[in-house]
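Single-structure report; data block below.
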Ligand code: AMP
């Protein structure tokens, strides 16, 4: 059974990379460079023996990621709310597919299963998932790394906004820096494996 709060039993420090939760688009984007980069990431994850947790759909970059990991013998777990199983076309060929009640359960379960998070290019749903996970890290509710896979500089406009938040005094530099940003699979996975948590937002001395 999924717990009410996926992060409630999170360890105090990150573990070696075992299973990555991936947030990404239900669309594939207009430029084939996105699909190609997602395939390369999928192969790199499987090659390191790192399992993948994702939303469970067949559509867009989500489906491409799952297929690329499965194609080279990797393990993929999908978590999908019943109401979306048709719209996002539940992927039947996964290592396992968990059908949950709603979006909240989906996010909790995805967060619980992974010990690191990567946001790949995507839309509003991807952003929503990324920010919940990253802000909960700031609050010390979990101590798992969060990364952006910055294919074709996709996340640069968001990074500019984050830097603006730092300049204007709404986001601490240390927390901004806790977000891993890499555009190639190998350094991305290495950074996830090496990551150490920043001091949580409300835990500072003095
Ligand atoms: P998108 O990036 O908008 O293509 O969405 C990517 C994935 O995020 C899809 O599987 C959506 O169903 C999922 N999603 C969208 N909104 C939410 C939400 N509020 N909570 C959890 N998942 C969501």
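Residue numbers (my numbering): 1 to 206.
Glycine is no exception: its CB is placed at the ideal position from the N, C-alpha and C atoms.
Predicted model, so just to flag it, every value in this text is computed and none were measured.
For residue i, collect the residues of the same chain with a Cβ closer than 7 Å to its Cβ; drop the 5 residues on either side in sequence, then sort them by chain order.
i	result
residue 43	68 and 72
residue 60	25, 26, 27 and 28
residue 97	56, 78, 80, 90 and 91
residue 85	99
Grab me the residues of residue i's own chain with a C-beta within less than 8 Å of its C-beta, minus the 5 sequence neighbours each way, in chain order.
i	result
residue 2	Residue confidence is low: residue 2 scores 41 on pLDDT, short of 50, so the model does not pin down where it sits. Its coordinate-derived value is still stated next. Taken in chain order, the residues that qualify are 100, 105, 108, 109 and 112.
residue 177	198
residue 209	This structure leaves residue 209 out entirely; the chain is present only between 1 and 206.
residue 194	none
residue 156	150
residue 206	A caution first: residue 206 carries a pLDDT of 40, below 50, which makes its placement in the model too unreliable to give a value.
Determine the closest residue to residue i out of the options, with distance taken between C-alpha atoms.
i	options	result
residue 34	45, 118 and 64	64
residue 83	96, 51, 191 and 56	56
residue 180	98, 62, 162 and 36	162
residue 129	54, 194 and 50	54
residue 154	142, 184, 144 and 137	184
residue 120	152, 102, 202 and 93	152
residue 126	52, 70 and 62	62
residue 49	102, 89 and 18	18
residue 95	89, 81, 36 and 66	66
residue 189	39, 45, 70 and 85	45
residue 186	81, 131 and 150	150
residue 182	31, 169, 81 and 37	37
residue 159	145, 131 and 137	131
Since residue i and residue j should fall inside the 8 Å C-beta cutoff, what is the C-beta to C-beta distance between them, to a whole number of angstroms?
i	j	result
residue 20	residue 116	5 Å
Take residue i and list the residues in its own chain whose beta-carbon comes closer than 6 Å to its own, dropping the five residues that flank it on each side.
i	result
residue 196	none
residue 31	none
residue 165	171
residue 76	52, 66, 69, 70, 94 and 95
residue 114	19, 20, 21 and 53
residue 207	This structure cannot settle anything about residue 207, because the visible part of the chain is limited to 1 through 206.
Assuming contact is defined by CB atoms lying nearer than 9 Å, are residue i and residue j in contact in what I supplied?
i	j	result
residue 91	residue 78	yes
residue 23	residue 135	no
residue 41	residue 118	yes
residue 192	residue 143	no
residue 210	residue 202	Because the chain here runs from 1 to 206, residue 210 falls outside it and cannot be looked at.
Does chain D have any CB closer than 9 Å to the CB of residue i?
i	result
residue 17	Given the protein chain composition of this structure (a single chain), no chain D is represented.
Examine the ligand GTP and report whether any of its heavy atoms sits within less than 8 Å of the Cβ of residue i.
i	result
residue 84	This structure simply doesn't include the ligand GTP; it includes the ligand AMP instead.
Going along the chain, which unbroken runs of the alpha helix (DSSP H) with 4 or more residues stay wholly within the region 70-156?
-> 103-113 and 124-138
* Sequence ranges, alpha helix (DSSP H) only - wholly within the region 160-186, length at least 4 -> 173-177
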